[in-house]
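Novice: Residue numbering for the sequence shown follows my numbering, starting at 302 and increasing by one per position.
Virtual Cβ for every residue (Gly too), placed ideally from N, Cα, C.
This one's a predicted model, so the numbers in the text were calculated from it and none came from an experiment.
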Amino acid sequence: TQVARLRVGQPVTIHADAFGKQEIKGHVDSFAPATGSEFALIPVENAVGNFTKIAQRLPVKIKVDPASPLAGALRPGLSVEVKVDVRTNTGPSFAEVQPAKEYAREGVSR
């Protein structure tokens with residue numbers, strides 16, 4: 302997966318459909334402590350017990366460079382394409398930022 306290559310501080314380029322070919326620059330600021338499904342109100346159940354690989358989304362916070370011409374133009378709901386330059390090892394990875402023992406579950410009650 303690409304999660305292993307993501308690091309805090311890596312440069313980000315954002316293209317929004319609404320702005321044509323103009324791009325917004327930024328960088329990876331932080332990672333959420335778990336996938337989006339982990340925080341869902343209704344948890345995903347695997348009742349049949351199969352082990353099909355499920356695509357999950359990991360929320361990543363991106364800080365927009367205030368010097369970008371369209372920095373203040375982003376709005377919730379805009380369709381965007383985000384590219385992270387994973388070739389640079391600028392800061393800690395997801396695993397280094399989120400120690401497993403801090404987020405391990407002690408049990409689940411339903």
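1) So is Gln311 buried or exposed if we call it buried at 16+ other beta carbons inside 10 Å?
2) Which first and last residues belong to the beta strand (DSSP E) in which Gly327 is found?
3) Can you tell me which of the three DSSP states Val361 falls into?
4) Note the first and the last residue of the continuous beta strand (DSSP E) segment covering Pro498.
5) Between Phe320 and Ala374, how many whole angstroms is the CB-CB distance? I'm expecting something under 8 Å.
6) Flag this pair as yes or no: are the beta carbons of Val313 and Thr391 separated by less than 8 Å?
7) Once you ignore the five residues that flank Glu382 on each side, which residues in its own chain have a CB closer than 7 Å to its CB?
8) Can you tell me which of Asp330, Gln303, Leu307 and Glu324 puts its alpha carbon nearest to the alpha carbon of Ile363?
9) Which residue or residues does DSSP assign as beta-bridge partners of Thr433?
10) Taking the beta carbon of Leu379 as the centre, do at least 16 other beta carbons fall within 10 Å, making it buried, or is it exposed?
11) Can you round the beta-carbon distance between Lys326 and Asp366 to whole angstroms, since I take them to be within the 8 Å contact cut?
Specialist: With the structure as the only source:
1) By the Cβ-count criterion, Gln311 is buried, with 16 or more other Cβ atoms from all chains shown falling within 10 Å of its own Cβ.
2) Its beta strand (DSSP E) spans residues Glu324 to Phe332.
3) Strand.
4) Summary: the structure shown does not reach residue 498, with the chain confined to residues 302 through 411, and so no result is reported for it.
5) For a cut-off of 8 Å, the C-beta gap from Phe320 to Ala374 is around 7 Å, short enough to register as a contact.
6) No, Cβ-Cβ distance for Val313 and Thr391 is not below 8 Å.
7) Cβ within range, chain order: His316.
8) For Ile363, the nearest C-alpha among the options comes from Asp330.
9) This structure does not reach residue 433, given that the chain is present from 302 up to 411, and the question cannot be answered.
10) By the neighbour-count rule (16 or more Cβ atoms within 10 Å), Leu379 is not buried but exposed.
11) About 4 Å; that satisfies the 8 Å criterion.
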